[in-house]
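Working notes, beginning with the structure itself.
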Amino acid sequence: MPWTKVYIDKADFENTLAKEGLRGITCREAIREAQEQMLTSDKNVFILGEGVDDAAGIFGTTLGLAQKFGTDRVLDIPVAENGMTGVAIGAAMAGMRPVFVHMRMDFLPMCMDQIINHAAKWCYMTGGKVNIPLVVRSIIGRGWGSAAQHSQALHALFAHIPGLKVVMPATPYDAKGLLVAALKDGNPVMCIEHRWTYDYIGYVPAEIYEVPIGKGLVRKAGKDVTVVALSLMVYEAMRADKTLQAEGIDIEIIDPRSIKPLDEELILDSVKKTGRLVIADVGCKTGGIAAEIIAGIAERTPEILKAPVQRVCLPDTPTPASPALEKEYYPQVQHIVDAVKQTLRTPAGGNKGSFPQDKFDVSVVMPALNEQENIQVAIVNTLKAMADCNIRGEIVAVNDGSTDKTEELIKEISQGDGRVRFIRHEKPKGIGSSFWDGVDVARGDVIVMLPGDNENDPWEIFRYFKLLEHVDIIIPFIFNRQVRSVFRNALSFVYRFIINSTFAVNFNYTNGTVLYRKSVLKELPYRSCGFFFQTDILVRTVKKGYLFSEVPYRLGLRKSGVSKAVSFPSLLQVIKGYLRLVRDYYFHKHEKTRTFTSDSVSAKRYRT
Amino acid sequence: MATLTPQTKKELLFTMLKIRRFEEKITDLYPEQQMKTPVHLCIGQEASAAGVCAHLTKDDYIFSTHRNHGHFIAKGIDVKPFMAELYGKAAGCSRGKGGSMHIVSLPEGIFGASAIVGAGMALGVGAALAIKMKKEKRVTVTFFGDGAVDEGTFHESLNFASLKKLAVVFVCENNFYATNSPQSARQSQDNISLRAGGYGMPGVQLDGNDVESIYRAAGQAIEAARSGKGPALIECRTYRWRGHVGPECDYEKGCRSKEELAEWMEKCPIAGYKEELLKNKVITPAEYETRMQEIDRQINAAVAFAKESPFPDAGEIFRDVYYGTV
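Sequence order for the protein chains is A and B. Just so you know, we're using my numbering here: the first sequence kicks off at 855 and counts up by one. Just so you know, we're using my numbering here: the second sequence kicks off at 8 and counts up by one.
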């Protein structure tokens, strides 16, 4: 796509886009054009800043605007950064849309009171009654001895502040689209540009368009290592890619474009694929955005990392002036190349053990599809039941594509309790898939599925936990069938009859909260994913000869929401699963061979 | 300037009284500890709010500080959502997220208030810049204390307002203390009103407890600003009877002397004025009683409303961080 393409040199651009007759302009022209078009289309937009109307025109990004729109709308201002930021905010309150331009980002610390205490807070402090549509453009400098007060990248400071949005475009297309989006946003937006991106050329449509704030982009797809690159570092990463490709290393380059909000999903999806992460930032290391990106993964799915993460940042020192020192100070392409290789140097098997994990007795897999009424109670009850029964356990909640608040509610608990984790399906995948996905990340030795509908009483099953000293599977059956409808009981009877007679077993109930030794599940050659999964597992494991025990279980009344068990699609799944099991059972006899996993009770029993 | 009409005199008196009663209601109720917000009371300083705001319409803008109750009442704010905000209730003007220091009411041109000393002046100048850009006839008034004159934003704001001839009037309520620091410990000269001259705008120093002289001076300044003649600075020398924050007087803590407070209480902006209006038959005792009952009724209704209103639910924490999202 022409609007996602990064051209690291001009010839590159001319060879491709220019041939197709697409318009290419520099970043500085794109920024100028965005402001010119917004001044034209919205009479409330105005630009203020020191030198916005002078002959240099903020490195060319405001050239000619004062001539075209007059110095009433393109205002040179007193050298009073904080007061003038307050003026811009006051004007924004009264309906204007100011763009405050700072030639150096280093001048922003002068405005911190107005940006942090006022612009960022006003919408919140007034209960949403007064919003501040303010855009603050600031430019990161670099080189020619600019030194400690003319080359800072302070974006992380602003990303820390609730109420601010922070964008950092790298390409001309994004520079224009994000600036337009910022001006239309209605919130204070910090547009942070890097002066060294200004001469890069790229495709930019002539008309007004917006790039959504908070959406990142894959600049180059790859499979080996994810490189998240910010601002100028996007170009450096593209250069690193050339070197790495020659060595057969395929990196995926992600340009977040905005750092607040940050497109965490995009980064996470990429790292899930590659398992390795390098972050190239234009700012200092400690407390920076790179750290935030890593924290996002560490909090959610640290297990996807196959190797320690690498950060390519500025050192934690002020910027020195001498060219000899500058050369050492700024990370080069080679730093990214080295960092990528470092992530690949970690031995096979990854870093298992580097994230200390508690040992758990049991993992409760808790699938939930739109269970906002029940999910929190289900989790809390389960944790309480574990405590009561003296079981060390964890919960792996599986948000099976909920469209309601299920996930937020799970998060609420998981943030404060390490025993509760969750995984997400973007779209509903069914109860069987949810179960198996939960099994894959479970840390406990024993697995039980308790649906997030809170219909099952966790005490009822945990009370039998000790039985696992004698068997590998504990199967509950409902002894108070009267709580269910006659129809449901009849259905259950017919189902049981079919299963028992087809496979020559004698189960009382196959759809309950069965406790499995995890190793038994890991052995299974086939994973049934529909509503039939529990029956499928039970038939296969019991037929294999694993020891099991059936225990009485009291079913509670359904409290809220609708059960998804009895429906036409689930019936189809059951028929499909049943036929598959029939095929495997009658035509693949080898499945019945008695080999037990070594840590099962069955193995000990049968071998001695 | 012509003498004030009896109607104007009455309005000035009852505006001051409404502020006084509102603040006194807070001091009465504060010990219940249900109003969990730091209150900065303006008892003793009511004249400047009443005298200045009497010239403003609903369309005019007003900016204030942490000590904002008087200004906003004088500007005509509805005291119900105001009181509910002090109680941290969902029906508060800022949905329970602003508290006493961040009161908002758009129908009266109240965009909110800043609790950072000196900041409101810059915001007020910004609103005045918007007025100029939109070619409107509004005026902005920005209130601040003598402490704000120490801040850079005082100079930044006066300079820019004068440079662009903006319709803004700066009203400094000089109560001689920034929290507990006396003016003499902070400023080499006691000449706040004279600083206006440095920026080429009129500056006037007034007895901040003389509501009529404030009314006259503010009238001139606001009229000039509205007609495009640019900004002005008014210094009202007054005194706050209570501590910097909270309902108590602070002489017990040794912040200032009891004698100094007693001296200023003698110069109460309301008591003498009320006597004068009664003596000159501008108001009758009966009318006074009726109006006071009405003021107390409004304030009591606001308290009842605030106390009965529910607290915001927990989800409110995440609302309004960003405009345009829920």
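Built from N, CA and C at the ideal position, the CB exists for glycine as well.
Please name the residue in A/1296, A/1302, A/1173 whose C-alpha comes closest to that of residue 997 of chain A. A/1173
Counting contacts by CB-CB distance shorter than 8 Å, is residue 1398 of chain A in contact with chain B? no
For the ligand NAD, I want to know if residue 1265 of chain A counts as a neighbour, meaning its beta carbon is within less than 7 Å of at least one of the ligand's heavy atoms. What this structure holds is no ligand at all, so the ligand NAD is not there to describe.
Once the 5 residues before and after residue 1131 of chain A are set aside, which same chain residues still bring their CB inside 6 Å of it? 1080, 1125, 1163
Taking the beta carbon of residue 1341 of chain A as the centre, do at least 16 other beta carbons fall within 10 Å, making it buried, or is it exposed? exposed
Cross-strand partners of residue 1253 of chain A (DSSP beta bridge): A/1222, A/1278
Taking Cβ positions only, does residue 1194 of chain A come closer than 8 Å to chain B? no
Taking the beta carbon of residue 992 of chain A as the centre, do at least 16 other beta carbons fall within 10 Å, making it buried, or is it exposed? buried
Is it buried or exposed for residue 177 of chain B, if we count other Cβ within 10 angstroms and need 16 for buried? buried
For residue 116 of chain B and residue 66 of chain B, believed in contact at Cβ under 8 Å, the rounded distance: 6 Å
Are the CB atoms of residue 961 of chain A and residue 942 of chain A nearer to each other than 8 Å? no
Under three-state DSSP, which class holds residue 1427 of chain A? helix
Inter-stretch contact at 8 Å, needing at least 3 Cβ pairs: the stretch 966-974 of chain A / the stretch 926-942 of chain A: yes
Residue 944 of chain A versus residue 1085 of chain A: straight-line alpha-carbon distance, rounded: 31 Å
Note down, in chain order, all residues in the stretch 94-106 of chain B with a beta-carbon under 8 Å from any beta-carbon belonging to chain A. 99, 100, 101, 102, 103, 104, 105
Given a cut-off of 8 Å, decide if residue 1365 of chain A and residue 1389 of chain A are closer than it, judged by their beta-carbon atoms. yes
Buried or exposed by the 16-neighbour rule on C-beta atoms within 10 Å, applied to residue 1460 of chain A: exposed
N- and C-terminal bounds of the alpha helix (DSSP H) containing residue 977 of chain A: 976-979
Closest by C-alpha distance to residue 179 of chain B, when choosing among B/128, B/277, B/187, B/169: B/128
Where does residue 1207 of chain A fall in DSSP's three states? With a pLDDT of only 34 at residue 1207 of chain A, under the threshold of 50, the placement of this residue in the model should not be trusted; the figure read from the coordinates follows. Note: residue 1207 of chain A maps to coil in three-state DSSP.
Write down every uninterrupted run of the beta strand (DSSP E) in the stretch 961-1015 of chain A whose length is 3 residues or greater and which is fully enclosed by it, in chain order. 989-994
Report yes if the CB atom of residue 1024 of chain A is closer than 8 Å to the CB atom of residue 1114 of chain A, and no otherwise. no
Whole beta strand (DSSP E) runs in the stretch 129-209 of chain B with 3 or more residues, listed along the chain? 147-152, 175-181
Compute the distance between the beta-carbons of residue 173 of chain B and residue 136 of chain B, then report whether it is under 8 Å. yes
For residue 1466 of chain A, which beta-bridge partners are listed by DSSP? For residue 1466 of chain A there is no data in the structure shown, the boundaries of chain A being 855 and 1462.
What are the residues of the stretch 961-985 of chain A that lie near chain B, defined by any Cβ-Cβ distance shorter than 8 Å? 967, 968, 971, 972, 976, 977, 978, 979, 980, 981, 982, 983, 984, 985
Comparing the C-beta of residue 1059 of chain A with each C-beta of chain B, is any distance below 8 Å? no
Alpha carbon to alpha carbon, how far is residue 1134 of chain A from residue 881 of chain A? 20 Å
To the nearest angstrom, report how far apart residue 16 of chain B and residue 932 of chain A are at their CA atoms. 42 Å
Taking CB distances under 8 Å as the criterion, tell me whether residue 80 of chain B reaches chain A. no
Could you check whether residue 1249 of chain A and residue 1233 of chain A sit closer than 8 Å to each other, using their CB atoms as the reference points? yes
Measure the alpha-carbon distance for residue 34 of chain B versus residue 194 of chain B and round it to whole angstroms. 32 Å
C-alpha gap between residue 319 of chain B and residue 99 of chain B, whole angstroms: 9 Å
Closer than 8 Å between beta carbons: that is the criterion. Which residues of the stretch 1002-1013 of chain A meet it against chain B? none
Give the interface partners of residue 1041 of chain A over in chain B, defined as CB-CB distance under 8 Å, in chain order. 329, 330, 331
Name the chain A residues that come within less than 7 Å of residue 132 of chain B, Cβ to Cβ? 941, 944
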